[in-house]
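A.B. asks: Okay, here's the structure, questions in a sec.
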Amino acid sequence: MDTILDILSAVIREAISPGTAAVAIAVIGLNLHFGYTGLLNFGQSGFMLLGAYGFAISLVHDVPLPLAVLVGLGLAFVFALVLGIPTLQLRGDYLAIVTISAAEIIRFVGRLSNLKDLTGGAQGIQGRTYQPAFVDLSFFGDGAWTLAPFNYTDVADGAGWVRALGGLVFAACIVATVLVGRRLKRAADPTRTAPRTGLDGTLGKVAAVVLVLIGLYALFFAMPVTYGRSGVNGWWVRAVAWTLVALSTLVVYLLVRSPWGRLLRGVREDEDAMRSLGRNVFAVKMQSLVIGGLFGALGGMVYVLASTVQPDALGRQITFFSYTALLLGGAATILGPVLGTVLFFSARILIRESARAYVPDSIMSAQQTEQFSFIVVGVALVLLVIFRPQGILGNKRELRFNV
Amino acid sequence: MSETTIGTPSLADPAARRALMAGVTPEPGAAKQDPILKVDKIERRFGGITAVDVEHLEVQRGIITALIGPNGAGKTTFFNLITGFDKPSSAGSGAAWEFDGRSLSKTSASSVAKAGMVRTFQLTKSLNRMTVMDNMMLGAQDQSGENLLKSVFKPLWRGQEKDVEEKAKELLARFKLLEKKDDYAGSLSGGQRKLLEMARALMSDPKMIMLDEPMAGVNPALTQSLLGHIQALRDEGMTVLFVEHDMHVVRHISDWVVVMAEGRVVAEGPADTVMSNQAVIDAYLGAHHDTDLGDDEVLTEGALEQIEAEVRADEAAHEAVDEAKHDQQGDKS
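Okay, here's the thing in structure tokens:
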């Protein structure tokens, strides 16, 4: 029982870690590229790395924090222009080739020993050289804090059944949310003939939000996590990181519901048709590339807030994790990137920790469980693409038409 | 500036159109009274093949002009060239075309559309994973909500969005697609997509609409209604240029016919007379189409020699023209 709880606790810690939030922001940007505009950007890690370098190097050189953030964003902006100007006039595949190579170039330049004074070479930049500027901003105070403050230990002296009850409530809320969500989706389908009921409109949406909130509370009620309030890896970083995730989601929502978002989808569907309607396709694609890239840079900055700037940590694999998370959650959906990222990283930790706990070391060593988790995640992705290609939140109707 | 001539109600009257075109000599490159589109020396080569080689062409404002020709005559390539989807090989050496008094020789496809010349495609380009309504809304020009900075603030574009939606609904109702407005465009039938593409092009209030084989793959009943739509557009004052293979359709609705063959404009004229033009018959059926190969006379030495001589003369003439052209280009370069 304790092993299971330890595993679940590790999963929850991963789910709310700043790293997950950082990748979620990058995936939100990638969603703008791939999901909405149809741009095959395989270099999102390059945007992240540039953002991280610009941010950290500026801070190391005593640049004020807001300016350091602007430097990171500015680098990504220039990077997007440099990538976009030659390739966005061509067919989509060329962008894929150029972005993946450009991201690798950034990584290798970062590793150059000639640049050791600036980037720290392959060692990277130590977190303590730039993190204080951010940590010092914390107004959370000292000491530790537990989420949720009122948890199972406060009821019946933390008996096992209270905890199990919390878990059950969480599971029930998930199931209920899925049911309400399906109902909402059916209601949105114009071909539906069944009469509308109360749960189909705003009430259903409110119910879904309330269910999610209750479920989250039940989760942390059963599995409270404790971190320092401020500190390098405390609640302050997490709060900022997830606030940024929420803000990014909001910005993307505002963008894609507008006529500008319609332009993006039009470009995704057919560039020539958009030209024949008098639209400057190149400009639209460039705007999308830049904005998605800026989200990538922001994600990179958040990523290094609780760790170090290490060029290999933001390599190709982050790009492919991002794509996996995006497909898992559902491309061209608002909440898909966040849901996909959280599930992807949680699932990997769940598999890794389970393998570590239950598979004897003679069969699989601790290092191999890490690799095993990636294998399982890879297989899961293959199955996902075959059986639910639209992802968790995606719209299956859209996939009926081959474009 | 053109608003006064566009929408002249008199052109809805067939007699008026006939009178308008009566003064035009039915020959390739004839000058029109009030041309909306003028094309000069436009040539497109793909390697050794000259797909389009048009010396001069004018399209009269306010009428329906049909562009016909056998397969491979260069009609679609010609469309692509003047709408900016392709660049002429003769660019820089005299290729020039102007639309409504504005030169379009160096303009991109999107600017051509903005200038008021909107086209459709032979292979329909509907935006499949978007709703019919979204397809239509993309047709409207100058939407402030498409500006990146304004797009975030809904109040800045809500009003215009409503107007555009109303207009889209009107057009959809006219094209009998209104009940499909929330369906994905990809779920429409081929004919409905043709209608959608045409309706979408009309969202931008074009001065001239260019239809690339609007009837291809459309059933006869729908063809009738499409023809009705096209004629209604003309009666509202729009200029229509369309490519079509079906001669009945061409004869039925077009006021003027331009015939292309092997990249050149070989004939022009009113629909009823141009069909009997010798160059048109040759282009479609071959110069010896009425020679009966089963006839013994053909098999005699004399007849064969005569045909061979004709072919040789033909080739020599072609070569002479080509050489002259090469010389010209040589001089220029």
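So the protein sequences, as listed, match chains C and A.
Going letter by letter, the first sequence gives residues 1 to 403 in UniProt numbering.
Going letter by letter, the second sequence gives residues 1 to 333 in UniProt numbering.
The beta carbon of each residue, even a glycine, is placed where N, CA and C say it ideally should be.
What in chain C is Cβ-close to residue 200 of chain A, meaning under 8 Å?
C.D. replies: Locating residue 200 of chain A in the second sequence gives position 200, where the first residue counts as 1. The answer, in chain order, is 277.
A.B. asks: Please state if the CB of residue 204 of chain A and the CB of residue 115 of chain A are separated by a distance shorter than 8 Å.
C.D. replies: Residue 115 of chain A sits at position 115 when you count from the first residue of the second sequence. Residue 204 of chain A sits at position 204 when you count from the first residue of the second sequence. Not closer than 8 Å, so no.
A.B. asks: Given that a residue counts as buried once 16 or more other Cβ atoms are within 10 Å of its Cβ, and exposed if not, what is residue 385 of chain C?
C.D. replies: For the purposes of this step, residue 385 of chain C is taken as the residue at position 385 of the first sequence. It is exposed - the Cβ of residue 385 of chain C has fewer than 16 other Cβ atoms within 10 Å.
A.B. asks: In chain order, which beta strand (DSSP E) runs of at least 3 residues are fully inside the region 194 to 281 of chain A?
C.D. replies: Within the region 194 to 281 of chain A, the complete beta strand (DSSP E) runs of at least 3 residues are 208 to 212, 239 to 243, 256 to 261 and 264 to 269.
A.B. asks: Entirely within the region 297 to 373 of chain C and at least 4 residues each: give me those alpha helix (DSSP H) ranges in chain order.
C.D. replies: As far as the region 297 to 373 of chain C is concerned, its whole alpha helix (DSSP H) runs of at least 4 residues are 316 to 329 and 336 to 358.
A.B. asks: Return no unless some Cβ of chain A is closer than 8 Å to the Cβ of residue 32 of chain C.
C.D. replies: Locating residue 32 of chain C in the first sequence gives position 32, counting from the first residue. No, residue 32 of chain C does not count as interfacial toward chain A.
A.B. asks: How long is the line joining the alpha carbons of residue 229 of chain A and residue 249 of chain A, rounded to whole angstroms?
C.D. replies: Translated into the one-based positions of the second sequence, residue 229 of chain A becomes position 229. Translated into the one-based positions of the second sequence, residue 249 of chain A becomes position 249. So the alpha carbons of these two residues sit roughly 13 Å apart.
A.B. asks: Could I get the ranges of all uninterrupted alpha helix (DSSP H) runs contained in the region 95 to 168 of chain C, with 4 residues as the minimum, in chain order?
C.D. replies: For the region 95 to 168 of chain C, whole alpha helix (DSSP H) runs of length 4 or above, ordered along the chain, are 116 to 119 and 131 to 135.
A.B. asks: Grab the span of the alpha helix (DSSP H) containing residue 53 of chain C for me, first residue to last.
C.D. replies: For the purposes of this step, residue 53 of chain C is identified with residue 53 of the first sequence, where counting begins at 1. It spans 44 to 60 - the alpha helix (DSSP H) in which residue 53 of chain C sits, taken as one unbroken run.
A.B. asks: Going straight from the alpha carbon of residue 348 of chain A to that of residue 310 of chain A, what length do you get?
C.D. replies: Residue 348 of chain A is absent from the model: chain A starts at 1 and stops at 333.
A.B. asks: Would you mind sorting residue 403 of chain C into buried or exposed? The rule is 16 or more other CB atoms within 10 Å of its CB.
C.D. replies: Here residue 403 of chain C refers to the residue found at position 403 of the first sequence. Interpretation of residue 403 of chain C is limited by its pLDDT of 43, a score under 50 that renders its predicted location unreliable; the figure taken from the coordinates is listed afterwards. So residue 403 of chain C ends up on the exposed side.
A.B. asks: With DSSP as the reference, label residue 131 of chain A as helix, strand or coil.
C.D. replies: For this step, residue 131 of chain A is matched to residue 131 along the second sequence. In the structure shown, residue 131 of chain A sits in a strand (DSSP, three-state: E or B).
A.B. asks: Can you list, in chain order, the residues of its chain whose CB lies under 8 Å from that of residue 239 of chain C, leaving out five sequence neighbours each side?
C.D. replies: As a working mapping, residue 239 of chain C is identified with position 239 in the first sequence. Contacts found: 140.
A.B. asks: With 8 Å set as the bound, which would you pick, yes or no: does the beta-carbon of residue 266 of chain C sit closer than that to a beta-carbon of chain A?
C.D. replies: Mapped onto the first sequence, residue 266 of chain C falls at position 266. Yes, contact with chain A.
A.B. asks: Between C/276, C/259, C/277 and C/281, which has its C-alpha nearest residue 268 of chain C's C-alpha?
C.D. replies: Within the first sequence, numbered from 1, the residue matching residue 268 of chain C stands at position 268. Residue C/281 is the option with its Cα nearest to residue 268 of chain C.
A.B. asks: Please confirm if residue 139 of chain A has its CB atom under 8 Å from at least one CB of chain C.
C.D. replies: The residue given as residue 139 of chain A occupies position 139 in the second sequence. Interface residue, yes.
A.B. asks: Rounded to the nearest angstrom, how far is the Cβ of residue 268 of chain A from that of residue 244 of chain A, given a contact under 8 Å?
C.D. replies: Indexing the second sequence from 1 puts residue 268 of chain A at position 268. Indexing the second sequence from 1 puts residue 244 of chain A at position 244. Contact doesn't hold; Cβ gap of about 16 Å is too wide.
A.B. asks: Taking just the CA atoms, how far does residue 262 of chain C sit from residue 134 of chain A?
C.D. replies: Along the second sequence, read from residue 1 onward, the residue named residue 134 of chain A stands at position 134. Along the first sequence, read from residue 1 onward, the residue named residue 262 of chain C stands at position 262. In a straight line, the C-alpha of residue 134 of chain A is about 7 Å away from that of residue 262 of chain C.
A.B. asks: So the alpha helix (DSSP H) residue 6 of chain C belongs to, where does it begin and stop?
C.D. replies: The residue labelled residue 6 of chain C in the question sits at position 6 within the first sequence. 2 to 15 is the extent of the alpha helix (DSSP H) around residue 6 of chain C.
A.B. asks: Quick one: which chain A residues come within Cβ less than 7 Å of residue 270 of chain C?
C.D. replies: As a working note, residue 270 of chain C is residue 270 in the first sequence. Correct list: 125 and 127.
A.B. asks: Determine contact between the region 21 to 39 of chain C and the region 234 to 248 of chain C, defined as no fewer than three beta-carbon pairs at a distance below 8 Å.
C.D. replies: Judged by Cβ distances under 8 Å, the region 21 to 39 of chain C makes contact with the region 234 to 248 of chain C, as three or more pairs qualify.
A.B. asks: Since residue 226 of chain C contacts residue 335 of chain C with CB under 8 Å, what's their CB separation in whole angstroms?
C.D. replies: Within the first sequence, numbered from 1, the residue matching residue 226 of chain C stands at position 226. Within the first sequence, numbered from 1, the residue matching residue 335 of chain C stands at position 335. Actually they are not in contact, since the Cβ atoms of residue 226 of chain C and residue 335 of chain C sit about 28 Å apart, beyond 8 Å.
A.B. asks: Quick check on residue 349 of chain C: buried or exposed, where buried means 16 or more other Cβ atoms within 10 Å of its Cβ?
C.D. replies: Along the first sequence, one-based indexing puts residue 349 of chain C at 349. Buried, since its Cβ has 16 or more Cβ neighbours within 10 Å.
A.B. asks: Just tell me which of A/39, A/62, A/196 and A/137 has its CA closest to the CA of residue 123 of chain A.
C.D. replies: Position 123 of the second sequence, counting from 1, holds the residue named residue 123 of chain A. It is A/196 whose Cα lies nearest to the Cα of residue 123 of chain A.
A.B. asks: With a threshold of 8 Å on Cβ separation, who are the neighbours of residue 182 of chain A within its own chain once the five nearest residues in sequence on each side are excluded?
C.D. replies: Against the second sequence, residue 182 of chain A aligns to sequence position 182. Hits under 8 Å: 131, 132 and 133.
A.B. asks: Tell me, which residues are paired with residue 119 of chain A by DSSP?
C.D. replies: By one-based count along the second sequence, residue 119 of chain A stands at place 119. Bridge partners of residue 119 of chain A: A/210.
A.B. asks: So, does the CB of residue 259 of chain C fall closer than 8 Å to a CB anywhere in chain A?
C.D. replies: As a working mapping, residue 259 of chain C is identified with position 259 in the first sequence. Chain A, which has a Cβ nearer than 8 Å to the Cβ of residue 259 of chain C, makes this yes.
A.B. asks: Give the interface partners of residue 444 of chain C over in chain A, defined as CB-CB distance under 7 Å, in chain order.
C.D. replies: Since the displayed chain C opens at 1 and closes at 403, residue 444 of chain C lies outside it and no answer follows.
A.B. asks: Can you pull the chain C residues whose beta carbon is under 7 Å from the beta carbon of residue 132 of chain A, in chain order?
C.D. replies: To locate residue 132 of chain A, count along the second sequence from 1; it is residue 132. By Cβ distance, chain C contributes nothing, its closest Cβ being about 11 Å from residue 132 of chain A, past 7 Å.
A.B. asks: Which residues in chain A have a C-beta closer than 7 Å to the C-beta of residue 287 of chain C? List them in chain order.
C.D. replies: Start at 1 with the first residue of the first sequence, and residue 287 of chain C comes out as number 287. Under the 7 Å cutoff, chain A gives 148.
A.B. asks: Note down the Cα distance separating residue 24 of chain A from residue 32 of chain C, rounded to an integer number of angstroms.
C.D. replies: Mapped onto the second sequence, residue 24 of chain A falls at position 24. Mapped onto the first sequence, residue 32 of chain C falls at position 32. Distance between the alpha carbons of residue 24 of chain A and residue 32 of chain C is about 55 Å.
A.B. asks: Is there a Cβ of chain A sitting closer than 8 Å to that of residue 91 of chain C, yes or no?
C.D. replies: Walking along the first sequence from the start, residue 91 of chain C turns up at place 91. Taking Cβ atoms only, chain A never reaches closer than 8 Å to residue 91 of chain C, which makes this a no.
A.B. asks: Could you tell me how far apart the beta carbons of residue 74 of chain A and residue 263 of chain A are, in whole angstroms, since I believe they sit closer than 8 Å?
C.D. replies: Looking up residue 74 of chain A in the second sequence gives position 74. Looking up residue 263 of chain A in the second sequence gives position 263. Confirmed, about 4 Å.
A.B. asks: Can we say the region 251 to 261 of chain C touches the region 59 to 68 of chain A, given the rule of at least three CB pairs closer than 8 Å?
C.D. replies: The answer is no - the region 59 to 68 of chain A does not touch the region 251 to 261 of chain C, with fewer than three Cβ pairs under 8 Å.
A.B. asks: Using the Cβ count rule (16 or more neighbours within 10 Å means buried), how would you classify residue 319 of chain A?
C.D. replies: Residue mapping note: residue 319 of chain A aligns to position 319 of the second sequence, counting from 1. Answer is exposed; the Cβ neighbour count stays below 16.
A.B. asks: With 9 Å as the C-beta to C-beta threshold (strictly closer), list the residues of the region 341 to 360 of chain C near chain A in chain order.
C.D. replies: Cβ contacts with chain A: none found.
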